[in-house]
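Novice: Per the numbering used here, the sequence shown runs over residues -2 to 315.
Ideal placement from N, C-alpha and C gives every residue a C-beta, glycine not left out.
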Amino acid sequence: MKTGLVGLGLAGSSLGQGSSSAESLDGAAAAEDRQAEKTRVQRFNMSGFAAPPLAKVRVAILGTGQRGPAYIHNLRNIEGVEIKALCDIRPEKLHQAKARLAGTSHDPDLYTGEEDWKKICERDDIDLVVVTTPWYMHTKMSVHAMNHGKHVASEVPAAGTIDECWQLVETAERTRRHLMMMENYCYLPFQLLTLNMARQGVFGDVFHADCAYNTSKMGNNFSKNLYWNMWWLRQYAARRGNLYPTHGLGPVSTIMNINRGDKFEYLVSVDSDDFMMRAHARELAAKDDFFKPFAEETYRGCMSVTTIRTTMGRTITV
Ligand SMILES: NC(=O)c1ccc[n+]([C@@H]2O[C@H](COP(=O)([O-])OP(=O)(O)OC[C@H]3O[C@@H](n4cnc5c(N)ncnc54)[C@H](O)[C@@H]3O)[C@@H](O)[C@H]2O)c1
């Protein structure tokens, strides 16, 4: 089964050509799917695409909160990398980030304006834009960067809606720029070990995978000083469902050759009520006015469970 998956190379059809996914659904839903698929015309198959190599990669980093500095740490000693620009609307974070480059050859320009990320994308001496802002900003930044000829490394999730996902796919295909979603969990030792075992056939034919990112963000999300403008908590209030599926889904997708032989066909998802966040916001608000607006919100459920079916009839639970 695994040999068949690799050999089939169906990645192209996952980007809009195929109609088989719609045929297995019923009635109105199938008609809607067919209509949606018709509007998406694949220009180019980015799967396996390799842009010409660059002797030097000139990098800009958008967002230097928690995550941006981790990229600085990793990139600063890689031969052939030059960190050219850093951008954050909080000057203190920007200067802390730049301080990590003291004693190195990197001397990035600093940008603090709310829209300065556009100026960076429009510079002609940058090759790669690393997007480490809050995730609801990722797509607009990545699309602008690709439209100005830059490759993009986007933190997870790369997009927040299906429409944004299509914007990324279509822009990458049109501009032939790499858009890599930086799903680091695919490259952690345990996950790589599991992938290696799967490829060596230790698990036989993999027809189901169970994955998760079981984490409580209660401490982080209610911290007043961790995330800029409490953006994570605000997303938990503004949306429902699994907001952060890629740490689990990334590694099992590599094992199951998703977009390289198989693809997600459809999913069903259900979430619990919120049993913790509003109550906690109210407890905090009783002692600290800062939390009063958060005490009035309704929040996404504590647990969310999604079952995905692939075109090859396999299943994944997230
Ligand atoms: N892969 C992982 O393991 C991992 C771990 C942590 C975070 N992340 C992802 O990284 C991203 C950033 O998360 P974080 O924890 O660093 O959040 P954060 O709030 O610490 O950092 C985000 C930064 O973006 C800045 N910002 C906001 N608006 C901006 C704008 N218009 N222009 C420039 N900068 C702007 C904020 O000032 C802040 O410093 C998120 O998408 C998150 O999901 C991934």
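Is residue 59 near ligand 1, going by C-beta to nearest heavy atom under 7 Å?
Specialist: In the sequence shown, the residue the question calls residue 59 occupies position 62. Checking the Cβ of residue 59 against ligand 1 gives yes.
Novice: Just curious, the beta strand (DSSP E) that residue 79 is in, first and last residue?
Specialist: Walking along the sequence shown from the start, residue 79 turns up at place 82. It spans 78 to 84 - the beta strand (DSSP E) in which residue 79 sits, taken as one unbroken run.
Novice: For residue 51, count neighbouring C-beta atoms within 10 Å of its own C-beta (all shown protein chains included) and say buried if the count is 16 or more, exposed if not.
Specialist: Here the question's residue 51 lines up with position 54 in the sequence shown. So residue 51 ends up on the exposed side.
Novice: So residue 295 and residue 275 are supposed to be a Cβ contact under 8 Å. How far apart are they, rounded?
Specialist: Sequence index remark: in the sequence shown, residue 295 carries index 298 (1-based). Sequence index remark: in the sequence shown, residue 275 carries index 278 (1-based). At roughly 7 Å, the Cβ-Cβ gap stays under 8 Å, so residue 295 and residue 275 are in contact.
Novice: Anyone know if the C-beta pair for residue 117 and residue 67 falls short of 8 Å?
Specialist: Taking the sequence shown and counting its residues from 1, one reaches residue 117 at position 120. Taking the sequence shown and counting its residues from 1, one reaches residue 67 at position 70. No, they are not a contact pair.
Novice: At a cut of 8 Å, does the region 213 to 223 reach the region 190 to 202 through at least three beta carbon pairs?
Specialist: Touching, no, given that fewer than three Cβ pairs across the two stretches are closer than 8 Å.
Novice: Below 8 Å between beta carbons: does that hold for residue 203 and residue 252?
Specialist: Position 206 of the sequence shown, counted from the first residue, corresponds to residue 203. Position 255 of the sequence shown, counted from the first residue, corresponds to residue 252. The answer is yes: Cβ separation under 8 Å.
Novice: Keeping to the same chain, check which residues put their C-beta closer than 6 Å to that of residue 305; ignore five residues upstream and five downstream.
Specialist: As a position in the sequence shown, residue 305 is number 308, starting the count at 1. Around residue 305: 261, 264 and 313.
Novice: Taking the straight line between their C-alpha atoms, what separation do you get for residue 103 and residue 250?
Specialist: Mapped onto the sequence shown, residue 103 falls at position 106. Mapped onto the sequence shown, residue 250 falls at position 253. Cα to Cα, residue 103 sits roughly 36 Å from residue 250.
Novice: By how many angstroms is the C-alpha of residue 308 removed from the C-alpha of residue 22?
Specialist: Numbered from 1 along the sequence shown, position 25 holds the residue referred to as residue 22. Numbered from 1 along the sequence shown, position 311 holds the residue referred to as residue 308. Reliability fails at residue 22, whose pLDDT of 42 lies under 50, so the model's placement of it is uncertain and the value that follows must be treated cautiously. Distance between the alpha carbons of residue 22 and residue 308 is about 12 Å.
Novice: Using a 10 Å radius around the Cβ and a threshold of 16 neighbouring Cβ atoms, would you call residue 288 buried or exposed?
Specialist: For the purposes of this step, residue 288 is taken as residue 291 along the sequence shown, with counting starting at 1. Buried.
Novice: Just to confirm before moving on: does the CB-CB distance between residue 130 and residue 178 stay below 8 Å?
Specialist: Reading the sequence shown from its first residue, position 133 is the one you call residue 130. Reading the sequence shown from its first residue, position 181 is the one you call residue 178. Result no, Cβ atoms of residue 130 and residue 178 do not sit closer than 8 Å.
Novice: I'd like the span of the alpha helix (DSSP H) that includes residue 165, first residue to last.
Specialist: For the purposes of this step, residue 165 is taken as residue 168 along the sequence shown, with counting starting at 1. Segment 159 to 172, the alpha helix (DSSP H) holding residue 165.
Novice: Under the rule that 16 or more other beta-carbon atoms within 10 Å means buried, what is residue 138, buried or exposed?
Specialist: Stepping through the sequence shown from its first residue, residue 138 is reached at position 141. Result: buried.
Novice: Using 8 Å as the threshold, is the C-beta distance between residue 169 and residue 43 below it?
Specialist: As a first step, residue 169 is located in the sequence shown; it is residue number 172 there, counting from the start. As a first step, residue 43 is located in the sequence shown; it is residue number 46 there, counting from the start. Taking 8 Å as the Cβ cut-off, residue 169 and residue 43 qualify as a contacting pair.
Novice: At 4 residues or longer, and completely inside the region 170 to 250: list those alpha helix (DSSP H) runs for me, N to C.
Specialist: Listed in chain order, the complete alpha helix (DSSP H) runs (minimum 4 residues) inside the region 170 to 250 are 186 to 196, 215 to 218 and 228 to 235.
Novice: With which residues is residue 303 paired in a DSSP beta bridge?
Specialist: Here residue 303 is taken as the residue at index 306 of the sequence shown, counted from 1. Bridge partners of residue 303: 266.
Novice: DSSP on residue 125, reduced to helix/strand/coil?
Specialist: Residue 125 sits at position 128 when you count from the first residue of the sequence shown. If DSSP states are grouped into helix, strand and coil, residue 125 belongs with the strands.
Novice: Using three-state DSSP, classify residue 274 as helix, strand or coil.
Specialist: Translated into the one-based positions of the sequence shown, residue 274 becomes position 277. Here residue 274 sits in helix by DSSP.
Novice: From the DSSP output, in three-state form, read off residue 38 for me.
Specialist: As a working note, residue 38 is residue 41 in the sequence shown. Here residue 38 sits in coil by DSSP.
Novice: Could you tell me the alpha carbon to alpha carbon distance between residue 238 and residue 160, rounded to whole angstroms?
Specialist: Counted from its first residue, the sequence shown places residue 238 at position 241. Counted from its first residue, the sequence shown places residue 160 at position 163. So the alpha carbons of these two residues sit roughly 17 Å apart.
Novice: Starting from residue 51, trace the beta strand (DSSP E) both ways and give me its first and last residue.
Specialist: Position 54 of the sequence shown, counting from 1, holds the residue named residue 51. From DSSP, residue 51 is part of no beta strand (DSSP E); its letter is neither H nor E.
Novice: Please say whether residue 80 and residue 56 have beta carbons closer to each other than 8 Å?
Specialist: Along the sequence shown, read from residue 1 onward, the residue named residue 56 stands at position 59. Along the sequence shown, read from residue 1 onward, the residue named residue 80 stands at position 83. Yes, Cβ-Cβ distance for residue 56 and residue 80 is below 8 Å.
Novice: On the three-state DSSP scale, how would you describe residue 98?
Specialist: Locating residue 98 in the sequence shown gives position 101, counting from the first residue. Residue 98: coil per DSSP, three-state reduction.
Novice: From which residue to which residue does the beta strand (DSSP E) around residue 148 run?
Specialist: Taking the sequence shown and counting its residues from 1, the one referred to as residue 148 is at position 151. Looking at the DSSP string, the run of the beta strand (DSSP E) that includes residue 148 is 148 to 151.
Novice: Return the residue from the list 209, 152 and 285 that minimises the CA-CA distance to residue 65.
Specialist: Position 68 of the sequence shown, counted from the start, is the residue given in the question as residue 65. Selected option, being the one with the closest Cα: 152.
Novice: Near residue 164, which residues of its chain fall below 7 Å by C-beta distance, leaving aside the five closest residues on each side in sequence?
Specialist: Position 167 of the sequence shown, counted from the first residue, corresponds to residue 164. Closer than 7 Å at the Cβ level, and outside the excluded window around residue 164, lie 136 and 140.
Novice: Can you find the residues in the same chain that come closer than 6 Å, C-beta to C-beta, to residue 248, ignoring five residues on each side of it along the sequence?
Specialist: What you label residue 248 is simply residue 251 of the sequence shown in a count that begins at 1. Cβ within range, chain order: 182, 183 and 188.
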